[in-house]
Structure formats: structure tokens, C-alpha cells
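In my numbering, the protein residues as written are 97 to 329. We put the beta carbon where it would ideally sit given N, CA and C, even for glycine. The structure appears right after this line, and notes come after that.
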């Protein structure tokens, strides 16, 4: 294994240790004089990340970032965007085998790390599987200042889901799709749901998650004593 691959693997394994130690719902504090920037989908677009840092400053103790899922797929630099240094990360629906197998990230790994010519045909597969184990360890959502709930997808197909329910989820696995269990549905909704200007809720047109309106949001905020829900959209 060449030195560059060893470096990638070392970073991934260290990242996994960091994420494994975090709760499913991570709490983020922002003190006076500090700033938190919430960033939506990056999808491997390294130039977009550079633009964000140029505009808002590099990450630091007083200049925090929360990347709200979908770091990979579609762009050519997904592997360069996964260094958990001075930032918080929520899992998105694209941090999964289900999406990576056809949306570009698996192909990117094979293009960059294929070791067939070097006599190591399993190299890319090892790197890809390690990325997936890192994704499986990511928190699913964040609570900022105990008042702002930040999640990649959105809210839920049923009422009265609490932060305690979310904290109890077994997140360290491939995200479930089209399952009927309470925990699996919560997990799916947090990655796939979308806010809409509709009354109540309805099944998502995407075939996963839930489309929900302001009444659902208001109920969630009241039940959990939060002031705001921040999703991808």
C-alpha cells in the first residue's frame, strides 16, 4: 500500500474514532464572540468549499462550521471534504452505500485508488468500505444553543417524536429505507424528508421520507421546546 493510501486510511480511521464517540444528536454551543455557519450540500465540490471559507473565514475555535450532510457524490472531490477538523458534521442521505453506488462516490474511489496495476486489486474496495464505516458513525442531527434543531432531511411521518427518541437511535449502520419500524422511520425521515408549503404531511414524491408543513414543525418545536428547525431546504 503506497504512502498516500496509508495516509487516507489513517485519516479515515481517526475520523471514525472521533465520530464514534459523539452522540446521535450532538449539542453545539456558540459563545459570545463566536460564529457558527451552517452549510448545506457540498457534494464533492471543492471549489464551493473554498468559496465558503473565503467568504466566511477558515474554521477555528471562534469560527465554527456545521456541514449538514451530503458531502459526497456528484462532484470530483468528495474524498477531499471529509476531514473533521474544527467542524461539526451531520449525516445526509448521500452518506450511504445506497446512494454512493450510483451517484458517483463509489466511482470516484475506484478512479483514485484502484490498485489493480500495482497488484492490489482490493485497495479501492478497502478505502470505499472504510469511508462507509465513517459515514455510519456520523451524528444524524445537531442542537445549537439548545434551541435550533439542525437536520439534513426534515421532520417525521408521525407526531410527538422527541429528542429522547432521536438520541436513542442505533445510527451506526446503513440508513434504513422503506421500513415500518418506529426507529427506522425516524432515521429515514431525518435524512430524506422535505419541508413544504402544505397543511400537515404527506408521503414524499421521492419515495423516501415525508413532506411536512408548518403545522408539523410547530408541533415538533412545542413538544421539544426548540425555537427553530433548520433543514437542507
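How many whole angstroms separate the CB atoms of residue 144 and residue 166, which I take to be in contact at a CB cut-off of 8 Å?
-> The pair is not a contact, with the Cβ atoms about 12 Å apart (cut-off 8 Å).
Cβ atoms of residue 185 and residue 163: under 9 Å apart, would you say?
-> When the beta-carbon positions are compared, residue 163 and residue 185 come within less than 9 Å of each other.
Which of helix, strand or coil does DSSP assign to residue 316?
-> Taken through DSSP and simplified to helix, strand or coil, residue 316 comes out as helix.
Among 297, 106, 235, 255, which one has its Cα closest to the Cα of residue 263?
-> Looking at 297, 106, 235, 255, the one whose alpha-carbon comes closest to that of residue 263 is 235.
Since residue 163 sits in a beta bridge, which residues does DSSP pair it with?
-> According to DSSP, which records beta bridges pairwise, residue 163 is partnered with 135, 185.
What residue from 224, 188, 189, 216 has the CA that sits closest to residue 201's CA?
-> The option with the nearest alpha carbon to residue 201 is 224.
If I'm right that residue 245 touches residue 254 with Cβ under 8 Å, what's the distance once you round it to whole angstroms?
-> Not really, about 17 Å apart at Cβ, beyond 8 Å.
Is the beta carbon of residue 249 sitting closer than 9 Å to the one on residue 328?
-> Residue 249 is a Cβ neighbour of residue 328, given a cutoff of 9 Å.
Would the beta-carbon of residue 251 fall within 9 Å of that of residue 312?
-> The answer is yes: Cβ separation under 9 Å.
Hey, how far is the Cα of residue 119 from the Cα of residue 142?
-> Each residue's alpha carbon lies about 28 Å from the other.
Cα-Cα separation, residue 295 to residue 307 | Rounded to the nearest angstrom, the two C-alpha atoms are 10 Å apart.
State the start and end residues of the unbroken beta strand (DSSP E) segment that holds residue 244.
-> From DSSP, the beta strand (DSSP E) with residue 244 extends over 244-247.
Use the C-beta contact count for residue 146: other C-beta atoms within 10 angstroms, 16 or more gives buried, fewer gives exposed.
-> It is exposed - the Cβ of residue 146 has fewer than 16 other Cβ atoms within 10 Å.
Taking residue 100 as the reference, which of 302, 317, 220, 233 has the closest Cα?
-> The shortest Cα separation from residue 100 among 302, 317, 220, 233 belongs to 220.
Could you tell me the distance, in whole angstroms, from the CA atom of residue 109 to the CA atom of residue 282?
-> In a straight line, the C-alpha of residue 109 is about 28 Å away from that of residue 282.
Near residue 258, which residues of its chain fall below 8 Å by C-beta distance, leaving aside the five closest residues on each side in sequence?
-> Shown here for residue 258: same chain residues with a beta carbon closer than 8 Å to its own, the five before and five after excluded, namely 319, 320 in chain order.
From which residue to which residue does the alpha helix (DSSP H) around residue 107 run?
-> Per DSSP, the unbroken alpha helix (DSSP H) holding residue 107 starts and ends at 99-116.
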